[in-house]
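If you want the working numbering, it's the 1-based position in the sequence shown plus 715. Positions of the beta carbon are idealized from the N, C-alpha and C atoms, including for glycine. A short worksheet on the structure shown next.
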Amino acid sequence: MERNNRNVLGEGMNEDVVATFNYNLTALKLEFKTTCDALRNWPGGAAEEQDFLQHKKQELFRALMEHSFENESV
Numbered sequence: 716m717e718r719n720n721r722n723v724l725g726e727g728m729n730e731d732v733v734a735t736f737n738y739n740l741t742a743l744k745l746e747f748k749t750t751c752d753a754l755r756n757w758p759g760g761a762a763e764e765q766d767f768l769q770h771k772k773q774e775l776f777r778a779l780m781e782h783s784f785e786n787e788s789v
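Shown next as structure tokens:
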């Protein structure tokens, strides 16, 4: 089942952005790990929250891969 993540907890609506974060690599890895842990141990609840965590995990992974690609030794 394909989901439209553009409306997940306001994602995709720039006027709703209230904060941005800058992480070093260690913090980014920890944020990814804790998000994965939250999904793995999901106790149930609002489906929108789980959808948000899944979207967040994808975005964090994307950031980690982008960092890896940009800092790859040639």
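Distance between residue 779 and residue 744 (C-alpha atoms, nearest Å): When rounded, the distance between both Cα atoms is 8 Å.
Beta carbon of residue 768, beta carbon of residue 747: below 7 Å? Their beta carbons are not under 7 Å apart, which means residue 768 does not touch residue 747 by this criterion.
Please state if the CB of residue 750 and the CB of residue 772 are separated by a distance shorter than 7 Å. Yes, they are a contact pair.
Span separating the alpha-carbon of residue 764 from that of residue 742: Rounded to whole angstroms, residue 764 to residue 742 spans 22 Å at the Cα level.
Run of the alpha helix (DSSP H) containing residue 762, from where it starts to where it stops: Per DSSP, residue 762 is one residue of the alpha helix (DSSP H) stretching across 762-785.
Helix, strand or coil, according to DSSP, for residue 742 in the structure here? The answer is helix: DSSP assigns residue 742 an H, G or I state.
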